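Novice: Numbered continuously in my numbering, the sequence shown closes out at residue 315.
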Amino acid sequence: MLRSALIFSLACLLAAALCTGAFGYVLPAPFVASQMQKHLNLPDQMEITQQLHVYPAEADGKSQGADSVGQNSADAEKDSDPEASGPAGFFQTVRYRRPGAYRSDIKTPDFSQIYIESSGSQLFVLDGEIIDDSRQWYACYKDLFMFLSRPPLVRHLEQLGVDMNISSLGRLNKKTVYVAGARYPDLSSAQVWFDKNTFLPVRWIVAPAKQTGQPPAFEIRYLDWQPFDGIRYPGKIEFYENGRLARAVTVEKLDRISGVPASDFDISAVRKKYAPASGAPQEQGGAAEEVRRQIEEFKKIYETPTQ
Numbered sequence: 009m010l011r012s013a014l015i016f017s018l019a020c021l022l023a024a025a026l027c028t029g030a031f032g033y034v035l036p037a038p039f040v041a042s043q044m045q046k047h048l049n050l051p052d053q054m055e056i057t058q059q060l061h062v063y064p065a066e067a068d069g070k071s072q073g074a075d076s077v078g079q080n081s082a083d084a085e086k087d088s089d090p091e092a093s094g095p096a097g098f099f100q101t102v103r104y105r106r107p108g109a110y111r112s113d114i115k116t117p118d119f120s121q122i123y124i125e126s127s128g129s130q131l132f133v134l135d136g137e138i139i140d141d142s143r144q145w146y147a148c149y150k151d152l153f154m155f156l157s158r159p160p161l162v163r164h165l166e167q168l169g170v171d172m173n174i175s176s177l178g179r180l181n182k183k184t185v186y187v188a189g190a191r192y193p194d195l196s197s198a199q200v201w202f203d204k205n206t207f208l209p210v211r212w213i214v215a216p217a218k219q220t221g222q223p224p225a226f227e228i229r230y231l232d233w234q235p236f237d238g239i240r241y242p243g244k245i246e247f248y249e250n251g252r253l254a255r256a257v258t259v260e261k262l263d264r265i266s267g268v269p270a271s272d273f274d275i276s277a278v279r280k281k282y283a284p285a286s287g288a289p290q291e292q293g294g295a296a297e298e299v300r301r302q303i304e305e306f307k308k309i310y311e312t313p314t315q
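(1) From the DSSP secondary-structure annotation, give me the bridge partner or partners of Pro235.
(2) Since Glu246 and Arg264 are thought to touch, with beta carbons under 8 Å apart, how far apart are those beta carbons, to the nearest angstrom?
(3) Determine the burial state of Tyr33: buried for a count of at least 16 other Cβ atoms within 10 Å of its Cβ, exposed for fewer.
(4) Just to confirm, does Val278 get its C-beta within under 6 Å of one of the non-hydrogen atoms of the ligand COA?
(5) Less than 6 Å between C-beta atoms, sequence neighbours within five positions excluded: which residues of the same chain meet that for Ala109?
(6) Using a threshold of 7 Å, state whether the C-beta atoms of Leu6 and Ile114 are closer than that.
(7) From Phe98 to Glu137, what does the alpha carbon distance come to, in whole angstroms?
(8) How would you label Leu161, buried or exposed, when you count the other beta carbons within 10 angstroms and need 16 or more for buried?
(9) Determine the burial state of Glu227: buried for a count of at least 16 other Cβ atoms within 10 Å of its Cβ, exposed for fewer.
(10) Looking at the structure shown, is Pro38 part of a helix, part of a strand, or coil, going by DSSP?
(11) List the residues that DSSP assigns as beta-bridge partners of Glu246.
(12) Would you say Trp212 faces chain D, with C-beta separation under 7 Å as the test?
(13) Buried or exposed: which applies to Gly221, given that a residue is buried once 16 or more other Cβ atoms fall within 10 Å of its Cβ?
(14) Near Arg191, which residues of its chain fall below 8 Å by C-beta distance, leaving aside the five closest residues on each side in sequence?
(15) Kindly indicate which three-state DSSP category Lys280 falls into: helix, strand or coil?
(16) From Ala283, Arg179, His61, Pro209, pick the residue whose C-alpha is nearest to that of Phe257; which is it?
(17) Counting C-beta neighbours from all protein chains within 10 Å, is the total for Arg163 16 or more, i.e. buried, or is it exposed?
(18) Could you pull out every residue in the same chain whose Cβ sits closer than 8 Å to the Cβ of Ile239, ignoring the five residues on either side in sequence?
(19) When the distance is taken between beta carbons, is Tyr63 closer than 7 Å to Leu231?
(20) Along the chain, where does the alpha helix (DSSP H) containing Pro159 start, and where does it finish?
(21) Measure the CB-CB distance between Ile275 and Ile122 and report whether it falls below 7 Å.
(22) How big is the Cα-Cα spacing for Leu208 and Tyr186?
(23) Does the separation of the CB atoms of Gly243 and Val259 fall below 7 Å?
(24) Taking the beta strand (DSSP E) that Phe202 falls in, what are its first and last residues?
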């Protein structure tokens, strides 16, 4: 009897060991998020010069979405090359004043844009007119970089629909990832994917697909991670609408800075410099019109409940 019980116990231990080896121990999502913050090593203030590529709706943007999870990474980079499809391109200056303050500026002879988030408020100015006081969702990529500690980051992700009580292991381009917010390969809920070895974010499904089998309604890819003066930051960020490449950002320069004027992030002060948009937007064509279209499209994607 004792021998049988011993054999049974050993068998259970062996089965547990085999399961652990096959699937690995899954770290809790909040712990993964804190490890990401540690590995990023972000300063409190920084300025980034980057190029923003805006793809028109009819462009044949290749997807790295749900149906290409097993895609070769080299092919994925080639398919999503912003230079290949001829998008409109703009130099964009982004500044962080952590925690909680962010500003991006674009200014060309034909197009200008200011977006500020500070203390829970937002201001979006397009071509000299205030067109929206809600979040500019194409700027939400920066949310993972905005917080100094784990608790506010976890709370923020939970507010955006990521269930931080759920974590699993998945695969992306032949690499193992931690999936916060879902049981891999379920794509029906908001979730953030982190590289298992580096803890750096690689994919954020902000709004899942409305129907099973479709690519996510809106997702972000963090690619080409590089060290910028000791700071880990993605060299490329891509944005997808329903599997279509809509925008891409390529980082050219990142600097640690200090003494960023608080007035640059003062929404009340900046608001006084611009007038609200009057009536329906003018048909301007080109980049400004496409930016407006993308904003409205994302509002529809995000505000419509998933089925």
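In this text, a Cβ means the ideal position worked out from N, Cα and C, and glycines have one as well.
Since we're looking at a predicted model, the values are computed, not measured.
Specialist: In terms of the structure at hand:
(1) Arg240
(2) Going by Cβ atoms, the distance from Glu246 to Arg264 rounds to 26 Å, so no, they are not a contact pair.
(3) exposed
(4) The model depicted lacks the ligand COA and carries no ligand whatsoever.
(5) Ser126, Phe273
(6) Given that the chain is displayed from residue 9 to residue 315, the structure contains no residue 6 and the question cannot be resolved.
(7) 19 Å
(8) buried
(9) buried
(10) helix
(11) Arg229, Ala256
(12) Annotation note: the requested chain D is absent from the structure, which comprises a single protein chain.
(13) exposed
(14) Ile174, Ser176
(15) coil
(16) What sits at residue 257 in the sequence shown is Val, not Phe. The candidate whose alpha carbon is nearest that of Val257 is His61.
(17) exposed
(18) Leu48, Asn49, Leu50, Pro51, Met54, Leu262, Arg264
(19) no
(20) 158 to 167
(21) no
(22) 10 Å
(23) yes
(24) 199 to 203
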